[in-house]
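**Student:** Shown below is the structure under consideration.
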Amino acid sequence: MSDAFKGLRLYNTLTRTKTDFVPIDALNVRMYVCGPTVYDFAHIGNARPVIVFDVLFRLLRHVYGQAHVTYVRNITDVDDKINARALRDFGGEIAAGKLSLNEAIRRVTEKTADQFHRDVATLGCLEPTVEPRATEFVEPRADGKADMITLIQSLIKRGHAYVAAGEVLFDTASMPDYGQLSKRNLDEQQAGARIAVDAHKKNPGDFVLWKLSTQEEPGWESPWGRGRPGWHIECSAMSAAYLGEVFDIHGGGLDLIFPHHENEIAQSRCAHGTDVMANIWMHNGFLQVEGQKMSKSLGNFYSIHELLETETFGGRSWPGEVLRLAMLMTHYREPIDFSVRKLEEAENTLRKWKRAADLAPAAGDLPTKVVEALSDDLATYAAFQHLTLLANEAAEFDGKGENPAAASLKAALLFLGFDVGAAKVDEAAVNKAIARRLELIAAKNWAEADRIRDDLLAQGVQLKDGKDPATGERITTWEVKR
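Quick note on the numbering used here: the sequence shown kicks off at 7 and runs consecutively.
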């Protein structure tokens, strides 16, 4: 654990309070964040949770060590919107027998998933530790990891789900405290109020776990017939597969609290017999564009790709790091008004910071005040105030030798995912540090080995461990990250 760590506090949507973060296992900190449904290019609203939880991922790795944090962000590649997009784009080829529906769906999801990865990399986001695809977790797996069909069977066996009209539905009345996350009372969800109730449902709030597929729809064989999973069960299976029945943090956008996250909790708790699914639930606020709700009908619906590559917003394209800073200038729980003015402010601020950071040839130590600010429920605004102070101090530095403020600023910018140019590193010093780290690993001194790796990362040097193909011995390569 980093010496700069003074305590991490996070706002928990489940309790509506800010609380001390105490991981279940400090050597295995686990976080799950709902990822994209890949039927179309991700829009700018989708970028906010990716950026927010990337910062949290970086902070957790700094505090607990890179090897001790698992970040799972899924890909939803089975969805009725995906089916519709496949039919729209490849309907002619499907009708002519040149392409199966499953092949068409794969083309849609591969294209949009690849674009998503390119977009978020340009936004400065690290890859998650694991990125499971929903289609890989529908049926029982050879490796024994959690899957959707087995979870549904468990819910039926425990009396929390039932089969009706060809569907498997979750019985919300079987869970006395259903609605804790969204604070919705089941008694308020009466038929005819605002919910269209299907005749085969026991309760208006019951939701689909499994639904039958026609021959024209993708499907998997199951005890209830050939069909496909409901949306909510996907994340319950994938989170359990990699993080266990109970894990530390679950994140996503505010719009997912109900019904998605509420129903995830219901499924997971009832299937596993646990009191919680995740100890802390975190949600980022909504995004508006120029003061209005983003919608295609208003003509203010922008994909990340459009903002990065075209001149559709403000008459120009925008660098990924500018979009990243603009997102982080507002606290993650607050609503954000995404505007040209905000992007211009972010661009000017970033230019000032980078000009000051360039006064140092290499990154110094990560400033404690930046870590402390982020440790207070990701208070990015407070962290950025300190960066501005460092930039001012660096610009006014008239001493001889190194510019400590500039070096600290460069370290902070690298840590936060901003490009400040390739770090100038002493190759001999890096190789010496790697050799020392390998000695520590051999001695099983993991904490000190992690510290060396994290120190190098703060300087822009990323390590990659592997094995020598000839000898099988552990080797470490490195590269300078921009």
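Even glycine gets a Cβ: it sits at the ideal position worked out from N, Cα and C. As the structure is a prediction and not an experimental result, all values here were calculated from the model.
From what residue to what residue does the alpha helix (DSSP H) around Gly258 run?
**Tutor:** Gly258 -> not in any alpha helix (DSSP H); beta strand (DSSP E) instead, spanning Phe253 to Gly259.
**Student:** So the candidates are Ser303, Glu340 and Leu356; which of them puts its Cα closest to the Cα of Trp324?
**Tutor:** Out of Ser303, Glu340 and Leu356, Leu356 has the C-alpha closest to the C-alpha of Trp324.
**Student:** Does the stretch 140 to 155 touch the stretch 74 to 84, meaning 3 or more C-beta pairs lie closer than 8 Å?
**Tutor:** Yes, they touch.
**Student:** For Gln298, which residues in the same chain have their Cβ closer than 8 Å to its Cβ, ignoring the five residues on either side in sequence?
**Tutor:** Excluding sequence neighbours, Gln298 sits near Leu304 and Asn306.
**Student:** Figure out for me which residue from Glu223, Asp60, Phe319 and Ser160 has the closest Cα to the Cα of Ile111.
**Tutor:** Among Glu223, Asp60, Phe319 and Ser160, the Cα nearest to that of Ile111 is on Glu223.
**Student:** Identify, in the order they occur along the chain, each residue of the same chain with its Cβ nearer than 7 Å to the Cβ of Glu327, setting aside the five sequence neighbours on each side.
**Tutor:** The residues are Gly130, Leu356, Phe424 and Asp425.
**Student:** Which residues mark the beginning and the end of the beta strand (DSSP E) in which Gln294 is found?
**Tutor:** Per DSSP, Gln294 belongs to the beta strand (DSSP E) from Leu293 to Val295.
**Student:** Please classify Ala428: does DSSP put it in a helix, a strand, or coil?
**Tutor:** Note on Ala428: pLDDT 48, under 50, position unreliable in the model; no value is reported.
**Student:** Which residue spans inside the stretch 306 to 335 form an unbroken alpha helix (DSSP H) run of at least 4?
**Tutor:** Entirely contained in the stretch 306 to 335, the alpha helix (DSSP H) runs reaching 4 residues are, in chain order, 310 to 315 and 326 to 334.
**Student:** In the DSSP assignment, find the beta strand (DSSP E) that holds Tyr77 and state where it starts and stops.
**Tutor:** It spans Val75 to Arg79 - the beta strand (DSSP E) in which Tyr77 sits, taken as one unbroken run.
**Student:** Give the single residue among Gln186, Val346, Leu66 and Leu20 whose Cα lies nearest to the Cα of Gln294.
**Tutor:** Gln294 has its Cα closest to that of Val346, out of Gln186, Val346, Leu66 and Leu20.
**Student:** Measuring CB atoms only, is the stretch 354 to 369 touching the stretch 385 to 404, in the sense that at least three cross pairs come out at less than 8 Å?
**Tutor:** Judged by Cβ distances under 8 Å, the stretch 354 to 369 makes contact with the stretch 385 to 404, as three or more pairs qualify.
**Student:** Starting from the Cα of Asp460, find the closest Cα among Phe421, Ile447, Glu445 and Met333 and give me that residue.
**Tutor:** Of the candidates Phe421, Ile447, Glu445 and Met333, the one whose C-alpha sits nearest the C-alpha of Asp460 is Phe421.
**Student:** Measuring only the C-alpha atoms, how far is Asn451 from Ile30?
**Tutor:** Spanning the two alpha carbons is a distance of roughly 22 Å.
**Student:** Mind checking Gln221: buried by the 16 CB within 10 Å criterion, or exposed?
**Tutor:** Looking at its Cβ environment, which holds fewer than 16 other Cβ atoms inside 10 Å, Gln221 is exposed.
**Student:** Beta-carbon within less than 7 Å of Asp474's beta-carbon, same chain only, minus the 5 sequence neighbours each way: which residues are those?
**Tutor:** Once the five neighbours on either side are set aside, the close Cβ partners of Asp474 are Ile481.
**Student:** Based on Cα-Cα distance, which residue from Thr336, Glu340, Pro341 and Leu365 lies nearest to Glu351?
**Tutor:** Ranking Thr336, Glu340, Pro341 and Leu365 by Cα distance to Glu351 puts Thr336 first.
**Student:** When burial is assigned at 16 or more other CB atoms within 10 Å of the CB, is Ser274 buried or exposed?
**Tutor:** Buried is the call here.
**Student:** At the level of alpha carbons, what is the spacing between Lys104 and Asp95?
**Tutor:** Cα to Cα, the separation comes out at about 13 Å.
**Student:** Could you tell me the distance, in whole angstroms, from the CA atom of Gly150 to the CA atom of Ile271?
**Tutor:** Each residue's alpha carbon lies about 22 Å from the other.
**Student:** Arg36 to Gly236, Cα distance in whole Å?
**Tutor:** Cα to Cα, the separation comes out at about 25 Å.
**Student:** Assign Pro229 to one of two classes, buried (16 or more other C-beta atoms within 10 Å of its C-beta) or exposed (fewer than that).
**Tutor:** Burial call: exposed.
**Student:** Report, in whole angstroms, the separation of the C-beta atoms of His74 and Asn34, which I expect to be a contact under 8 Å.
**Tutor:** Right, their Cβ atoms sit about 6 Å apart.
**Student:** Classify His68: buried if its beta carbon has 16 or more other beta carbons within 10 angstroms, exposed otherwise.
**Tutor:** Label assigned to His68: buried.
**Student:** Express the C-alpha separation of Val467 and Trp484 in angstroms, rounding to a whole number.
**Tutor:** Computed Cα separation, rounded: 7 Å.
**Student:** Is the distance from the Cβ of Asp46 to the Cβ of Arg91 below 9 Å?
**Tutor:** In this structure, Arg91 lies closer than 9 Å to Asp46 by Cβ.
**Student:** Do Ala417 and Gly370 have their beta-carbon atoms positioned less than 9 Å apart in this structure?
**Tutor:** The answer is yes: Cβ separation under 9 Å.
**Student:** Whose C-alpha, out of Pro373, Gly320, Ala411 and His311, is nearest the C-alpha of Gln126?
**Tutor:** Per the sequence presented here, residue 126 reads as Val, with Gln not at that position. With distances taken between Cα atoms, Val126 lies closest to His311.
**Student:** So, for Asp26: in the same chain, excluding its five sequence neighbours on each side, which residues have a beta-carbon less than 6 Å away from its beta-carbon?
**Tutor:** For Asp26, where only same-chain residues beyond five positions count, the Cβ hits under 6 Å are Arg15.
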